[in-house]
Structures are given as C-alpha cells and as structure tokens.
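A quick write-up on the structure given underneath.
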Amino acid sequence: MAGPFFMFDTHIDRALNGINISYIFTVVLIRRVLTVVKIRSVSIENKKNQDFLSFNNIELLNVKKNRKNDLYHYFMTIGWIRFSLITALFYFVACLFFAVLLYPEWQEITSLKNPSIGSLFFFSVETMSTVGFGFMAPTQAVAHTVVSIELFVGVLINAVVTGLVFARFTRATSMIKMSDNIVLYKENGKQFLGIQIHNERSNRMLSLNVEATLLKIVKTSNHAVTPTTTKINVNHEFIPTLKYYRNIWHEIDETSPLYGITEEDRQRDIFAIFVYISGMDDITMQTVFSYKIYQMKDVKVDHIFDDIMTLRDDGKIIFDVSKAGKVKLASSS
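Just so you know, the sequence shown maps onto residues 1095 to 1427 in my numbering.
So, in structure tokens, the structure goes:
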C-alpha cells in the first residue's frame, strides 16, 4: 500500500507537469501572437512604402484602332441604328457597283428601252435579292457573267447579314444592375465597404458568382510601373438565386487590402475596385455577366443604401425598384 508521502509526491509531480504544460502553451501562444502582429505590421508598412499612381494620369500612345481585323466584334457591339444604316449603305453601294458594270453592256439586257443608272440599279436590286420579276434579263455572255457574280455576292451578303442579325438577337444580355456608388460605413465598431445589385428582369438569375478586385498601379523603379490586382473578400461570393436584390459588402480589417487607405488616397484616385458578376438566366439558360469599375470618387463615406424592400402595415412586402442603388446618410437610418 502506498504511503501518504508517496501520494503527496504524486500530487506535486502532477501539479508541476500541469505548470510546465501551461508554461509551454503560454510561450507558444505569445510567440504566435507576436509573429502575427509583426507580419501585419510589415504588411501595413509595405503598403505605406509603396508608391501608388493615379488612374487619371495615364496617357495612351501608339494605340491602333484597326477595325478591319475585328469586324465581327464591331458589328456585334454597335447600336441597331448604326448597324442598320451601315448594312443598308453597303447593300446600296454593291447594287450601284454592279449597275455601273452593266451600263456599258445595257444592250444585252432585254426590255431595257431607256438605259440609265437608275433602271440598272433596280435591276441589280432584283438580281441580288433573287427576286427577278421576269421583265429584264441578260441575253449575252458579258451580262450573264456580271449577273452571275452579282448573284454570288448577293448570297454572301444575305448570309452574313442574316447571321449577324441572328447573333445580335440571340446574344444573352445581363440585366444585373450594380449601384453607381460604393458606400463606406461603420456598424458595431467595424468598417464596411458595400455595393448593391438588383435584377432588372422579372425572372430569376441562378448560380451567381461575385468577384471583387482592388486595382492599383505601382511604381516599381524610376520610370517603370505595373498594374497589380488584389482579391477583395465579400460576404456573398456565391448567390444561389437572385430575384430581387442583394447587398454585397466587405469588412475592412487588418487583413483587408483596403486597410490603411486614407481620405487623401481617395482624393488622389490611386485605387479602383473591379466588380464582376456572372450567372445563368433561367429563361434562356445562357451564362450572362456584368461588371463595373468603381473609382475612389464613387465612394460615399458615411452612407448606406436606402431601403429598397419594405414591409407595409397590411403585411405586404413592397419592392421599390426606383430606390435601387440610392444612398442616404448612415446617421439618418
């Protein structure tokens, strides 16, 4: 049987072991905290030491706008009025060109008693559109050759224009509207940066992915600069469905790339925030996207978004689209 002194020694050993474990745990914890504080301090100091340049002080040189190498993109992005005018003008010029080619050989076209550029122009229109009313027709080799080439050109023009019109009509367009401003506000002692998005269509958007990026231009040497990007974490990086609206916000803490930005930095406009949203339209089942670049001048300090969805006294929920993206002073909330 163990004596009392043995039991006393056992209790002492256990106590000492507990003290040693607590001491080791405390030392490790203090070292970990000091390491994190040092890393954050170095990160903040690096931010201060970096020389950021303004986005408004960029001059473009030797930029060539070569439309002929990207005609498809050009015709897909211009407005409908300009598209219609350009295609109509091209069709008119093509018909006029073949009318001029046929004019020296007007005798080879039947029923053409009073030859003129006008009458041959309408003959070209009928030929290129493959209408052919049977009143005028080529009879000799030269006229047959010109008309054959014109028919081939007409088929190409009809195919290209039809394809462009179809592509423009079937192109999926996003109706995800982003707020014109970013709000910067404090809540429960924390600082937040937020935007608002809402769906301008009556259907739902599915599987939305939200990405926010901080854009900067950093001076790397005496005369060299480089654009840099840093991810901004947001509260809703994935939204399963969007029927009405959603507020997207980012908490500005020590780990945020926006931490330490002052009012002077915002005035210099040395940062920009790029927001990209992609999702699926539940009607067309096509992927659509929307993006917006916010300058520092778009940031509204001490503002929040107005209440776009409210509850009426009779229990009905009101979604007022006219308030979408509208901001108000945070103190007035």
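Glycine included, C-beta positions come from ideal geometry on N, C-alpha and C.
Nearest to residue i by CA position, among the options, is which residue?
| i | options | result |
| --- | --- | --- |
| residue 1269 | 1193, 1392 and 1374 | 1374 |
| residue 1349 | 1294, 1184, 1365 and 1328 | 1328 |
| residue 1252 | 1278, 1280, 1222 and 1262 | 1222 |
| residue 1340 | 1171, 1262 and 1371 | 1371 |
| residue 1425 | 1181, 1326, 1399 and 1204 | 1399 |
| residue 1414 | 1280, 1292, 1247 and 1220 | 1292 |
| residue 1282 | 1345, 1410, 1355 and 1402 | 1345 |
| residue 1397 | 1286, 1318 and 1264 | 1286 |
| residue 1453 | 1333, 1401 and 1218 | The shown model of the chain, from 1095 to 1427, leaves out residue 1453, and the question about it has no answer. |
| residue 1299 | 1198, 1390 and 1383 | 1383 |
| residue 1332 | 1365, 1303, 1411 and 1169 | 1303 |
| residue 1342 | 1403, 1392, 1273 and 1296 | 1273 |
| residue 1189 | 1284, 1336, 1358 and 1216 | 1216 |
| residue 1294 | 1175, 1310 and 1336 | 1336 |
Please classify residue i as buried or exposed, where buried requires at least 16 neighbouring CB atoms within 10 angstroms.
| i | result |
| --- | --- |
| residue 1290 | buried |
| residue 1208 | exposed |
| residue 1306 | buried |
| residue 1418 | buried |
| residue 1165 | exposed |
| residue 1249 | exposed |
| residue 1229 | exposed |
| residue 1275 | buried |
| residue 1127 | In this prediction, residue 1127 scores a pLDDT of 49, lower than 50, which makes its location untrustworthy; the coordinate-derived value is nonetheless stated afterwards. Counting Cβ neighbours within 10 Å, residue 1127 comes out exposed, since fewer than 16 surround it. |
| residue 1338 | exposed |
| residue 1405 | exposed |
| residue 1288 | buried |
| residue 1196 | buried |
For a quick check, are the C-beta atoms of residue i and residue j less than 7 Å apart?
| i | j | result |
| --- | --- | --- |
| residue 1214 | residue 1237 | no |
| residue 1241 | residue 1232 | yes |
| residue 1367 | residue 1388 | yes |
| residue 1323 | residue 1312 | no |
| residue 1422 | residue 1277 | no |
| residue 1171 | residue 1266 | no |
| residue 1309 | residue 1351 | no |
| residue 1376 | residue 1316 | no |
Report the partner residues of residue i according to the DSSP bridge assignment.
| i | result |
| --- | --- |
| residue 1272 | 1291 |
| residue 1341 | 1290 |
| residue 1321 | 1311 |
| residue 1306 | 1326 |
| residue 1393 | 1276 |
| residue 1281 | 1284 |
| residue 1382 | 1373 |
| residue 1365 | 1310 |
- Message: Quick check for students: name the residue ranges of the alpha helix (DSSP H) that lie wholly in the region 1214-1264, counting only runs of 4 or more.
- Response: 1235-1264
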